[in-house]
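Visitor: For the sequence shown, the residue numbers in the numbering used here are -5 to 113. From the three backbone atoms N, C-alpha and C, an ideal C-beta is built for every residue, glycine too.
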Amino acid sequence: MNETLNMKKKNHSVIVTIVKKGKAKKICQVAKDAGAKGGTTLLARGTSIKDFRKVFGISIDEQRAVVLTIVKQELEDKVFEEILDKCELNKPGTGITFIVDLKKVDGIAHLLKEASQND
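(1) Taking the CB atoms as reference points, tell me whether I93 and I12 lie closer together than 9 angstroms.
(2) Nearest-angstrom Cα distance between Q57 and K20?
(3) Can you tell me where the alpha helix (DSSP H) with L69 in it begins and where it stops?
(4) With DSSP run on the structure shown, which of helix, strand or coil describes S7?
(5) Can you tell me the Cα-Cα spacing of L69 and H6, whole angstroms?
(6) Output needed for V60: all residues of its chain with C-beta closer than 6 angstroms, excluding positions within five of it in sequence on either side, in chain order.
(7) Using only CA atoms, which one of G101, D27, V8, G16 lies nearest to D79?
(8) Which stretch, first to last residue, makes up the beta strand (DSSP E) that contains D95?
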C-alpha cells in the first residue's frame, strides 16, 4: 500500500501561473473547470523593463499573483491549455504560465485518496 502511494506521489506536476493581481480568481476557476482540484495563490512583486515606473523618484513595481496548481500529470496539458486560452495568456503583458514536474510531493492526501478510489 505504501509503495503504491509513493508511486502516485511522483505522478503530479505543478502549473505555475503569474498574472497581475486581481486575475488569480479567474485562473483558479478555469483550472478547476478543467479538472484541477484547487490552487494556492501567493502575492508577489515583479518588474520588467516595460513595467518599471517611477513616481516622485520612487520605483514602483506592480503587484502580481502567483497561482500554484498541483495536478495529476495526465491532466496537466488540459489544464495548462485551458488557462492559456480562457485567460488569454498568449497575449503580451497578460502573464506567464509553466509546468514543473514534481519529483516528490506530500500533503495532497485528498488527491491521492481520489486516485486510489479510481484504480
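Guide: Taking the definition as stated:
(1) As a first step, residue 93 must be located in the sequence shown, where it is residue number 99. As a first step, residue 12 must be located in the sequence shown, where it is residue number 18. No.
(2) Start at 1 with the first residue of the sequence shown, and residue 57 comes out as number 63. Start at 1 with the first residue of the sequence shown, and residue 20 comes out as number 26. Within the model, the alpha-carbon separation for Q57 versus K20 is close to 17 angstroms.
(3) If you number the sequence shown from 1, residue 69 lands on position 75. Start and end: 67 to 80.
(4) As a first step, residue 7 must be located in the sequence shown, where it is residue number 13. It is a strand residue.
(5) Locating residue 69 in the sequence shown gives position 75, counting from the first residue. Locating residue 6 in the sequence shown gives position 12, counting from the first residue. If you take the alpha carbons of L69 and H6, they lie about 9 angstroms apart.
(6) Sequence index remark: in the sequence shown, residue 60 carries index 66 (1-based). The answer, listed in chain order, is I12, L36, A38.
(7) The count along the sequence shown starts at 1 and reaches residue 79 at position 85. Of G101, D27, V8, G16, the residue nearest in Cα terms is D27.
(8) Taking the first residue of the sequence shown as position 1, residue 95 is located at position 101. D95 -> beta strand (DSSP E) spans 89 to 95.
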